[in-house]
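Below is one structure; the comments refer to it alone.
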Amino acid sequence: MAAKALTVTLFLLCLVRISLEHSLLKRSIDLIASHSLIVDSRLPREIAPNSYTIELHPFPEEGYFKGKVKINLTWHEPANKITLHAHEDLVIEHSEVKVTQIVPDDERLRSLTAPFEPTDVKVTRSEVVPKKPLYVIHLDKQLKTGAQCTVDITYSGKLYNDTSGGLFRTNYINTHTGRKEWLVASQLRPNLARKVFPCFDEPAFKATFLVSIVRSNLVKSLSNMPLSKSEELHNCELVRDYFEESPPMSTFTFGVLLANFVSITVNKTDGQSNPDTEINVWATPDFIGAVQNATEKIYTSLKALEKLWDFKFPLPKLDCVALPNYQGTRPADNWGLIFFKESELSSKGSWLITHELVYQWLGALATPFWWSDAHINNALARYITSYITLQVSDGKETFHNWPMTMLYSIYYEFSKRYPHGKVMAIKQDSSSTKTEMIFRMLNYTLGETTFNNGLKRFMADRQYRTFFGDDVWSSITEQARIDGKLDESISANEIAGSWISRDRLPVLNIQRSTNGTSATITQRVYLRERPHDVPDQDKLLWWIPIVLVTQDKLNFTNTFPVMWMKREREVSLSDLPSVDKFIIVNPEEIGPFPVNYDVANWDLLSKYLQTGERNNIPVNTRAKLLHDAWNLAYAGELSFSTALDMTLFLKYEREYIAWDPIFTMIDHIGRHIDGSNVHKKFLMYVRMLLTPLYEELGTEAQEGENEGRANLRSSAKVFLCQAGYKPCIEEAQHAFDKWMEAENPDEGNPVANQYICPVFKWGSKEEWEFGLQRVINFPPSRKQSERTYLLKTLAGCPIDSWKIEKILNITILEKNGNFTDNDIYLIFSMLTGSSSGYTTLFNYLTKNWNGLKNAFENKPQLWNSLITSSTSVFKTQEGLDMVTKLYKEKQNDLGTADFVITKAIKNIKEEAKWSNDNLPVIESWLQKYLNLEKNGSGDEGSKFL
């Protein structure tokens, strides 16, 4: 149940990291789409395309288009029918389907020098396969291997208006003319080309494209390749644009645009006689100024990628377009023609732009053979994006503190008893993230030069072709062996396979000898969530690089492993410094695994970090040491006394990356001990830890400050507000007053989201009641997401039981018509985030049992949700006793929720054991810390509620 408990603290912290969540969401959707395509309707392999000649004539105002396609085909096996992908929305003129043989299927005839006269092949019938996106053309004879034909198809299709997929249209107002203007664009990833033309809509079927587009003379057209020529049609109001023939490419990379846009051209030569790829950035005339800065970012990233791959961008031009009203979950990365949302192309950072440029090589130039290899493609693309972004920004663009934040997320996910649950998007994204981190690990352990040369080897071999996931690892292995970085007994394939083939991660335990000069290293499955009863965990072993840094030689640049654990349970490490010098294994989070040491080594690390020499240890490693200690303690692998000692250096730390793990762990530990006597002391510890930091940073951003400092201030403020920091509460209430004083408060919410929860938690009855009325009276014309946020904070933030009881009464027993069943689900979920929430819900359940049973008599899912939320989140023996007593009293009256409460009792027993083991240790350490701090700085209580 811990995974379900959505705490308000974490909820608000997520607002600070909204850009990260946004990018994660995109990746998840992209990956899940690819996963679902694994069972897509596959085409037979007898016939393959060589080229497409496509004619398109869109009618944007009418919402449809006309098209013709000529496909040049080769028979690789005998076949008497042609099977294509075609969406049901395509209307095909069956009578006009024509097949012409241009190369004979008789090998003897092909050997003759005399030209072969093209001959028609009779089409006996053509059909759309029911319930499948397939179009089959039946021939009157079987053609043999080696034959070539062209198939001509005339058709029409829809211009989609409600989605940015296939060939779609949208409109916007031209402020210069005041007129509504239409644009037409395409987004064919992953398998939407079949909505635009009958084709072989699989990534492995690469072919050349020759495109022409009919347009109004009031707009321009773009496609993957440069414009070749234009001709006016008979009425002079229409123009046909012809584009150069493309290299071989997959159907999902085909793209077109018709729009009345203007452009900025980047045409730099870098001192060379021949200009580079022509880069154009396109937008509406109103928006073109906002994308001015994108040109330099595109050019800089493109040059860095050319250097990485060791050859020029493979097309003669690159157009990047800011599309108004674009609804895609990610940019449309057509080859040579990328469509962004306007906000994406005008955004401050360069990560997203670089990410789409990476796909121009890795996806368009070299393409996964099938969607089952998409996770490798995505992982490598994400790794290269982060690598290049850090390089071109000179480390200044931290975007999401890569790789630390991504590593933390997979640590939490893969250490669960049941990773991913049933959410395929989470499974795909976390697996891809782990693979991305394996690429990073190999870059460190093989050396940047070897690793990059391995990637160059891969791309040189697979450009204009397709690849399987294993091809990437094989190229890296070949290069590593050439460079002497891997011997014949080790392959990158085997190393990577031990990581990506299982939904788990290892933890290393290092026990140094009495004199410190040697150590025993053991590996086993890292399990954070209790109970640790994962089947077959003793059988899981990984290839793990042992990269070592010692206190007497603090060299963090040498990342070559001193040894590999070759799926060995235990190894020995020698030649270590004496016992009074610490060691660090896996510095800089080189591999995705935590490391535990003996208490003496942890103590040496803690003391060193509190000295002025702490910066000799890079910030990523400082963050790793802190993160590992806390998570190992949470998992029961390390004493909390040791883990808390590791936080003492934060008094002197001002780097956000080092602070980042502590915010998450404050939430995790705080949630676990919420409701206990220890929790009050823990909150005092949090206040003492964060107040000096927040006061030093100030309440307002400073001119020119970096992103990390801004994030540090925001996170510190969020947690101090939750801990009752008076200046924060007063600031929130002052902002909230403006809403309460508004003439019509239901028209909109003028209060920033960060202020709402502190007011509902620490504010007055009047303020909370005001918020309740805003939810009840919320106008349907406003965004419902605003109402959802307000309801979440209204239910999840308060610590006063009367507020919680009132919203339960209104929504359930009084059956207020302004609240839906989904609202009630949301309220139950939010109440699991704090002990005041779920304890009040439990008491409410016991007090109103019969009324609640009747209210949910015909809603078993809501009843089960109520029982789950009110019983499953307790962490102590007292909570276990409460739930057990309820079960005994109501066992025969639980209905479908019986299994819920029996499972809850089992889980609470595990959590209660954890509390019994750890709370005394935590309390003892906190008491000692608080005594020392108060004696040194005086009473700080006046600043807190």
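Read in order, the letters of the sequence shown correspond to residues -21 to -1, 1 to 924 in mature numbering (1 follows the signal peptide of the UniProt record, and there is no 0). Just so it is clear, CB atoms sit at the ideal spot from N, CA and C, and this is done for glycine as well. None of the values given here were measured: they were computed from a predicted structure.
DSSP on residue i, reduced to helix/strand/coil?
{"i": "S585", "result": "helix"}
{"i": "I636", "result": "helix"}
{"i": "D352", "result": "helix"}
{"i": "A788", "result": "Strictly speaking, residue 788 in this sequence is Asn, with Ala absent from that position. Looking at N788 - three-state DSSP - the assignment turns out to be helix."}
{"i": "P706", "result": "helix"}
{"i": "S200", "result": "strand"}
{"i": "C736", "result": "helix"}
{"i": "D220", "result": "strand"}
{"i": "E106", "result": "strand"}
{"i": "Y631", "result": "coil"}
{"i": "F44", "result": "strand"}
{"i": "Y305", "result": "coil"}
{"i": "N756", "result": "coil"}
{"i": "T818", "result": "helix"}
{"i": "H399", "result": "coil"}
{"i": "V701", "result": "Here residue 701 is Gln; the residue named in the question, Val, does not match the sequence. It is helical."}
{"i": "K291", "result": "coil"}
{"i": "S326", "result": "coil"}
{"i": "R148", "result": "strand"}
{"i": "Q80", "result": "strand"}
{"i": "I267", "result": "helix"}
{"i": "Q906", "result": "helix"}
{"i": "L911", "result": "helix"}
{"i": "I50", "result": "strand"}
{"i": "L824", "result": "helix"}
For residue i, which beta-bridge partners are listed by DSSP?
{"i": "W261", "result": "S242 and V300"}
{"i": "W893", "result": "Answer by DSSP bridge pairing: none, since W893 is not bridged."}
{"i": "M809", "result": "DSSP output for M809 lists no bridge partner at all."}
{"i": "H36", "result": "K45"}
{"i": "residue 925", "result": "Nothing can be reported for residue 925: it is not among the residues displayed for the chain, which extend from -21 to 924."}
{"i": "N313", "result": "L316"}
{"i": "R194", "result": "V218"}
{"i": "M228", "result": "A186"}
{"i": "S30", "result": "N51 and T187"}
With residue i and residue j assumed to form a contact (beta carbons below 8 Å), what rounded beta-carbon distance in angstroms separates them?
{"i": "L421", "j": "A360", "result": "16 Å between Cβ atoms; not a contact."}
{"i": "L909", "j": "M663", "result": "6 Å"}
{"i": "V337", "j": "A301", "result": "Contact doesn't hold; Cβ gap of about 19 Å is too wide."}
Measuring only the C-alpha atoms, how far is residue i from residue j?
{"i": "N356", "j": "R309", "result": "16 Å"}
{"i": "K413", "j": "E686", "result": "26 Å"}
{"i": "S225", "j": "K49", "result": "15 Å"}
{"i": "W314", "j": "E25", "result": "27 Å"}
{"i": "Q712", "j": "G742", "result": "7 Å"}
{"i": "S329", "j": "T368", "result": "7 Å"}
{"i": "G268", "j": "E321", "result": "11 Å"}
{"i": "L824", "j": "C736", "result": "25 Å"}
{"i": "H647", "j": "G677", "result": "27 Å"}
{"i": "K659", "j": "E912", "result": "16 Å"}
{"i": "G476", "j": "D265", "result": "51 Å"}
{"i": "S655", "j": "D877", "result": "28 Å"}
{"i": "K123", "j": "W54", "result": "7 Å"}
{"i": "T767", "j": "R753", "result": "11 Å"}
{"i": "E710", "j": "C776", "result": "17 Å"}
{"i": "F44", "j": "L297", "result": "26 Å"}
{"i": "L905", "j": "T847", "result": "32 Å"}
{"i": "V175", "j": "T32", "result": "13 Å"}
{"i": "Y305", "j": "V241", "result": "17 Å"}
{"i": "F642", "j": "L699", "result": "11 Å"}
{"i": "N827", "j": "A834", "result": "11 Å"}
{"i": "Q530", "j": "Y631", "result": "20 Å"}
{"i": "L(-2)", "j": "F430", "result": "Here L(-2) scores only 33 on pLDDT, less than 50, and its place in the model is too uncertain to base an answer on."}
{"i": "D918", "j": "K327", "result": "Per-residue confidence for D918 stands at a pLDDT of 47, beneath the threshold of 50, marking its modelled position as unreliable; the derived number appears in the next sentence. Near 43 Å, if we compare the C-alpha coordinates of K327 and D918."}
{"i": "W747", "j": "K785", "result": "11 Å"}
Practice task
Only counting runs of 3 or more residues, tell me where the beta strand (DSSP E) segments fall wholly within the segment 478 to 504, in order along the chain.
Solution key: As far as the segment 478 to 504 is concerned, its whole beta strand (DSSP E) runs of at least 3 residues are 485 to 491 and 498 to 504.
Exercise for the section: Can you check the segment 150 to 191 for any beta strand (DSSP E) of at least 3 residues that lies completely inside it and give the ranges in chain order? Expected result: 158 to 166
Problem - Continuous alpha helix (DSSP H) assignments of at least 4 residues falling wholly in the segment 408 to 470 - result: 427 to 441 and 448 to 461
Problem - Complete runs of the alpha helix (DSSP H) confined to the segment 540 to 604 [at least 4 residues] - result: 578 to 588
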